[in-house]
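This report refers to the structure that appears directly beneath it.
Protein chains in written order, with the working numbering: chain S, 1 to 217; chain H, 218 to 559.
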């Protein structure tokens with residue numbers, strides 16, 4: 001058993017898991033299970049990328065998509081009260097359209113892969129030794145600095161826009177001011193009163209009053 | 218190479234190495250639980266466990282046996298598959314993260330180049346166990362605990378990630394061994410000094426990330442009983458417990474490796490035995506940080522939930538972002554001494 005064969009077996013295994021996960025996303029009844037299948041798909045794709053020696057992309061996929069984005073998805077899906085019957089109503093009806101779209105996309109991808117394969121040139125040896133993280137970092141911050149910064153700017157604008165769209169000022173809301181809470185002194189809240197010690201005055205107990213019997217039968 | 222040779226080299230030896238890390242880890246979790254109860258007992262002027270074994274040292278093992286013998290109860294209408302899967306999803310990342318932790322200059326299971334990224338990936342996956350445990354239990358308290366825990370873990374992960382970025386900026390590598398080597402020199406060359414605010418933020422975020430006191434609103438006993446694992450019993454609960462403590466020990470080790478020079482000795486090389494680095498130094502440092510977890514728990518009252526969110530988003534993240542720039546300046550103008558691990 002040589003290493004190439006092992007790699008091939010691993011590739012097909014991860015690929016099969018990814019495809020099965022993808023099919024489960026659209027076919028399982030429970031929507032939380034669907035989200036978890038999507039997580040499984042992402043994870044198997046990360047494994048495939050690891051096989052292709054793209055460690056940085058693979059781990060970044062796990063950190064960003066599995067660790068952050070899908071957690072928020074899971075949150076939303078758990079909070080929503082999804083009626084399964086309503087969601088699955090049109091599944092069979094729209095299935096032909098979906099299959100047509102899928103087949104067209106498959107054909108386009110195959111065409112693109114074919115074109116790429118024709119112009120394929122083998123990559124040179126990694127200039128940064130064995131660490132492709134360092135290589136990627138060097139390339140991003142020197143050769144592709146401008147596109148990289150533009151992408152960062154667009155993402156920041158996206159964040160600001162999302163916050164601005166969802167932020168609504170409501171009247172009559174009383175906010176806590178953390179600065180005021182921190183700056184408070186004990187003297188503002190508690191008053192210590194010295195009370196002179198004195199003997200308890202001997203007080204006669206109140207006389208027992210017998211209530212007058214009204215409306216007696 | 219024959220088939221048998223390959224099996225030995227690619228399967229048996231790695232498995233033995235993995236066991237050589239995980240078995241001591243599990244035993245140290247048990248001893249850490251004992252130490253926690255003892256320390257908190259002393260701080261409360263109590264005895265702590267003292268009945269089972271010499272000085273009560275076997276208490277944790279007795280508890281493990283008790284937990285394993287108890288019945289795992291499945292709540293009504295719980296999602297059975299996810300209910301049993303959730304403890305595993307909490308435990309596996311907590312254990313898998315140990316693969317890249319270096320114990321010495323040559324002593325590491327997997328010396329990967331993207332080691333820090335791998336750690337971030339593993340710690341960010343632990344939150345699935347918590348969320349799914351809370352959701353699949355079909356219980357209000359568990360759901361509330363899961364929501365709190367997840368929001369808290371996601372928020373503090375950012376501050377933690379940014380403080381690690383400061384270390385990466387100085388080191389220029391994602392490899393944990395290279396990070397320790399970059400700190401070689403004397404005590405004041407370790408990264409705790411140039412990155413002091415970030416070091417504090419890292420450790421506090423680590424406490425929040427593991428949902429420990431004073432950030433333990435996820436299992437605030439006075440409000441939501443036990444949070445996300447309220448419905449779990451027996452061995453399923455024991456697995457959550459194991460994952461939480463393994464994570465605490467991991468954060469302690471990482472604080473030592475990233476900021477306190479890992480296995481390096483704080484004394485000059487000329488001082489003979491105590492001047493030489495070695496895994497014992499790493500263990501001493503990690504033990505100190507693990508002790509801080511217990512000290513915090515015995516000392517601080519629980520934070521209010523909005524205070525936790527405010528601290529994470531409005532205090533920690535801005536400071537770390539500023540300090541990334543400061544670290545960049547330190548590196549660019551050569552204000553810090555960076556060792557080569559010679």
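All C-beta atoms in this analysis are idealised placements derived from N, C-alpha and C, irrespective of residue type, glycine included.
Cβ-based burial, residue i [other Cβ within 10 Å; buried from 16]
i: residue 559 of chain H; result: For residue 559 of chain H, the predicted model reports a pLDDT of 48, less than 50, meaning its position is unreliable and no value from the coordinates is stated.
i: residue 445 of chain H; result: buried
i: residue 488 of chain H; result: exposed
i: residue 551 of chain H; result: exposed
i: residue 426 of chain H; result: buried
i: residue 254 of chain H; result: buried
i: residue 428 of chain H; result: buried
i: residue 39 of chain S; result: buried
i: residue 266 of chain H; result: buried
i: residue 211 of chain S; result: exposed
Distance cut-off 7 Å: residue i Cβ against heavy atoms of the ligand ZN
i: residue 90 of chain S; result: Of ligands this structure carries none, so the ligand ZN is not represented either.
Cβ pair residue i, residue j closer than 8 Å
i: residue 41 of chain S; j: residue 22 of chain S; result: yes
i: residue 448 of chain H; j: residue 390 of chain H; result: no
i: residue 328 of chain H; j: residue 398 of chain H; result: no
i: residue 319 of chain H; j: residue 474 of chain H; result: yes
i: residue 372 of chain H; j: residue 537 of chain H; result: no
i: residue 387 of chain H; j: residue 408 of chain H; result: yes
i: residue 420 of chain H; j: residue 472 of chain H; result: yes
i: residue 530 of chain H; j: residue 383 of chain H; result: no
i: residue 412 of chain H; j: residue 476 of chain H; result: yes
i: residue 133 of chain S; j: residue 331 of chain H; result: yes
Contact set between residue i and chain S, taken where Cβ atoms lie within less than 7 Å
i: residue 519 of chain H; result: Within 7 Å Cβ-Cβ: nothing; residue 519 of chain H doesn't reach chain S, min ~16 Å.
i: residue 391 of chain H; result: 133
i: residue 267 of chain H; result: Residues of chain S passing the Cβ test: none, with the nearest at roughly 39 Å.
i: residue 538 of chain H; result: Residues of chain S passing the Cβ test: none, with the nearest at roughly 12 Å.
i: residue 331 of chain H; result: 55, 56, 59, 133
Residue i versus the options, residue with shortest Cα-Cα distance
i: residue 464 of chain H; options: H:312, H:289, H:296; result: H:312
i: residue 60 of chain S; options: H:318, H:279, H:336; result: H:336
i: residue 440 of chain H; options: H:528, H:362, H:220; result: H:362
i: residue 260 of chain H; options: H:513, H:553, H:546; result: H:513
i: residue 244 of chain H; options: H:276, H:268, H:299, H:230; result: H:276
i: residue 281 of chain H; options: H:550, H:459, H:485; result: H:459
i: residue 340 of chain H; options: H:330, H:321, H:364, H:315; result: H:315
i: residue 310 of chain H; options: H:274, H:378, H:506, H:456; result: H:456
i: residue 527 of chain H; options: S:11, S:89, S:9, S:176; result: S:176
i: residue 344 of chain H; options: S:54, S:160, S:62, S:156; result: S:62
i: residue 236 of chain H; options: H:369, H:326, H:479, H:303; result: H:326
i: residue 422 of chain H; options: H:534, H:543, H:227; result: H:534
i: residue 70 of chain S; options: H:293, H:324, H:299, H:342; result: H:342
i: residue 177 of chain H; options: H:333, H:304, H:334, H:321; result: Because chain H in this structure spans residues 218 to 559, residue 177 of chain H falls outside the shown range and cannot be described.
i: residue 238 of chain H; options: H:454, H:510, H:511, H:324; result: H:324
i: residue 47 of chain S; options: S:73, S:15, S:173, S:76; result: S:15
Beta-carbon neighbours of residue i, restricted to chain H and to distances below 7 Å
i: residue 67 of chain S; result: 338, 341, 342
i: residue 78 of chain S; result: 352
i: residue 163 of chain S; result: Ordered by position in chain H, no residue passes the 7 Å Cβ test against residue 163 of chain S, which lies about 12 Å from the chain.
i: residue 63 of chain S; result: 334, 337, 338, 341
For residue i, three-class secondary structure by DSSP
i: residue 199 of chain S; result: coil
i: residue 537 of chain H; result: helix
i: residue 160 of chain S; result: helix
i: residue 11 of chain S; result: helix
i: residue 340 of chain H; result: helix
i: residue 354 of chain H; result: coil
i: residue 449 of chain H; result: coil
i: residue 388 of chain H; result: helix
i: residue 184 of chain S; result: coil
i: residue 68 of chain S; result: helix
i: residue 488 of chain H; result: helix
i: residue 559 of chain H; result: Low confidence applies here, because residue 559 of chain H scores a pLDDT of 48, under 50, leaving its location unreliable; read the following figure in that light. Here residue 559 of chain H sits in coil by DSSP.
i: residue 371 of chain H; result: helix
i: residue 119 of chain S; result: coil
i: residue 90 of chain S; result: coil
i: residue 400 of chain H; result: coil
i: residue 482 of chain H; result: coil
i: residue 189 of chain S; result: helix
i: residue 410 of chain H; result: coil
Under 9 Å by beta carbon: chain H residues contacting residue i
i: residue 32 of chain S; result: 296, 299, 349, 352, 353
i: residue 210 of chain S; result: Within 9 Å Cβ-Cβ: nothing; residue 210 of chain S doesn't reach chain H, min ~48 Å.
i: residue 11 of chain S; result: The premise fails here: residue 11 of chain S is roughly 18 Å from chain H at the closest Cβ pair, so nothing lies under 9 Å.
Contacts that residue i makes with chain C (C-beta to C-beta distance below 8 Å)
i: residue 335 of chain H; result: Although the question refers to chain C, the structure presented lacks it and instead comprises the protein chains S and H.
Interface partners of residue i on chain S, CB under 8 Å
i: residue 527 of chain H; result: 178
i: residue 367 of chain H; result: 71, 75
i: residue 582 of chain H; result: No answer is possible for residue 582 of chain H: the residues shown for chain H start at 218 and end at 559.
Under 8 Å by beta carbon: chain H residues contacting residue i
i: residue 104 of chain S; result: Near residue 104 of chain S there are no residues of chain H at all, since even the closest Cβ is about 35 Å away, more than 8 Å.
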